[in-house]
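To start, the structure under review is shown below, and the notes come after it.
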Amino acid sequence: MLPGDGHERRLSTPHRPADYTTRREVPELTTPCQNEGDAIMSLQSKIEWTETTWNPVRGCVKVSPGCKHCYAETFAERFRGVLGHPYADGFDPRLVPDKLLEPLRWSAARTVFVNSMSDLFQEQVPDRYIEAVTTVMLGANWHTYQILTKRAERLTTLLTTTLRAAAAARHIWWGVSVEDKKHGMPRIDHLRQAPASVRFLSIEPLLEDLGALNLTGIHWVIVGGESGPGARPMQASWVNAIKAQCDAQGTRFFFKQWGGVRKTTTGRVLDGRTYDEMPPRRSIPVPTRGVREQMLHDLAAVAQGWSVTPLLQVRAQIMPVPSCFGTMTDGTGLL
Ligand code: SF4
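Quick note: the sequence shown uses the working numbering, first residue 711, plus one each step.
Here is the structure:
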């Protein structure tokens, strides 16, 4: 059964146009969007720095200039009104509890971009739902998870309180988006304050020279230019300045793309080579199918604890997390 068939939980605040919501006149399927569409049939992502995507939340509300040409919105709005499609509600924010347990079903370890089509920490997502997502990540710890947000303040607040176990887990990487100085620098400072084992920046779309960067406590930096119709240009000097600071401060550097209207023609070569550095990923054996089925059974309440009110507002009615998962840590002793 495909998601989008009535099992989703729409968030209380639907998507509303804001200053950053100029939509492309000619929607195109950029690489990440194709990935999400492909994910219906395939787990393989085309995003350069991950392997697959997992979207227990869909849709979002724009918050800053980096959102102007949001690929997720471009993709989702193409399918608004298409009955039975996962994005039949377009980019309206909504929970997808049917997807919550998905990582437990994957039989191979993967690097997973969490919420490639949304922002887990957007205001409408209840704390308890975010806790449910992290409960699954702590349980299925043979995967590596990458969480990226523009809501850095909330990220830090939760990682220092209810999500401390997830913050300490080395297989969960926490990142913030940075597109310019005004919006990006405060996010970096918030992230640095979070007690996360692995912190990263996605500097994409890079919209201006960021100047001096304090990369203390930042383990990984991704840089990329905007792609698709109307793409805002990125200058090589901006990229080189970031790379030089990563080199000087010992931060791993990943160059994703130059971008532009046709990203396939501009590629991702910088100074004659590609840069694909990443934090180390742990290798943890995938539990047997029987063990994973038991975990699915134990965590069923996490996904079933959400219901829809007549107003389609989310109510956090999540069941208590089974004790075996509540005590789980980043250690290798899964069971
Ligand atoms: S925060 Fe991310 S997912 Fe949400 S609108 Fe902005 S770019 Fe899109």
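C-beta atoms are modelled at their ideal positions from N, C-alpha and C, and glycine is treated no differently.
Straight-line Cα distance separating Gln959 from Arg790: 45 Å
Cβ-based neighbour list, Thr870, same chain, cut-off 8 Å, excluding 5 preceding and 5 following: Ala877, Gln903, Ala904, Pro905
Need the endpoints of the alpha helix (DSSP H) that Gln955 sits in, please. 946-959
Cβ separation of Thr762 and Gln754, assumed to be a contact under 8 Å, to the nearest whole Å: 7 Å
Range covered by the beta strand (DSSP E) that runs through Thr859: 854-859
How is the beta strand (DSSP E) around Phe801 delimited, first residue to last? Looking at the DSSP string, Phe801 is not in any beta strand (DSSP E), and its letter there is neither H nor E.
What would DSSP say about Val792, mapped onto helix, strand or coil? coil
Within this structure, are the beta carbons of Phe831 and Arg804 separated by less than 7 Å? no
Is Asp890 near ligand 1, with its Cβ less than 6 Å from a heavy atom? no
Can you round the beta-carbon distance between Ser774 and Leu858 to whole angstroms, since I take them to be within the 8 Å contact cut? In fact, because the Cβ distance is near 14 Å, the residues do not count as touching under 8 Å.
Delimiting residues of the alpha helix (DSSP H) encompassing Gln1004: 999-1008
Secondary structure at Leu917, three-state DSSP: helix, strand or coil? coil
For Ala850 versus Pro807, is the C-beta spacing smaller than 7 Å? no
The beta strand (DSSP E) enclosing Ile882, as first and last residue numbers: 882-887
Compute the distance between the beta-carbons of Val933 and Phe965, then report whether it is under 7 Å. yes
Classification of Glu833 by the beta-carbon crowding that lies within 10 angstroms, buried from 16 upward: exposed
Classification of Glu889 by the beta-carbon crowding that lies within 10 angstroms, buried from 16 upward: buried
Relative to ligand 1, is the shortest distance from any of its heavy atoms to the C-beta of Lys860 smaller than 6 Å? yes
Name the two residues that bound the continuous beta strand (DSSP E) containing Thr762. 762-764
Look up Arg942 in the DSSP assignment and say whether it is helix, strand or coil. coil
Bridge partners of Arg768, per DSSP? Arg804
Going by alpha carbons, who is nearest to Glu987 out of Thr844, Lys953, Thr998? Lys953
Can you list, in chain order, the residues of its chain with a C-beta nearer than 7 Å to that of Arg880? Leave out the 5 residues immediately preceding and following it. Ser907, Val908, Arg992, Asp1040
Quick check on Phe785: does DSSP put it in helix, strand or coil? helix
Among Phe823, Pro915, Trp968, Met944, the one whose alpha carbon lies nearest that of Thr984: Trp968
Does DSSP classify Val979 as helix, strand or coil? coil
How big is the Cα-Cα spacing for Cys956 and Leu925? 7 Å
Write down every uninterrupted run of the alpha helix (DSSP H) in the region 887-914 whose length is 4 residues or greater and which is fully enclosed by it, in chain order. 891-903
Taking only heavy atoms of ligand 1 into account, decide whether any of them is closer than 6 Å to the Cβ of Cys777. yes
Quick one: give me the first and last residue of the beta strand (DSSP E) that Arg962 is part of. 962-967
With 16 other Cβ atoms within 10 Å as the buried cut-off, status of Glu1003: exposed
Would Met944 and Gly935 qualify as a contact pair, given that the criterion is a beta-carbon distance under 7 Å? yes
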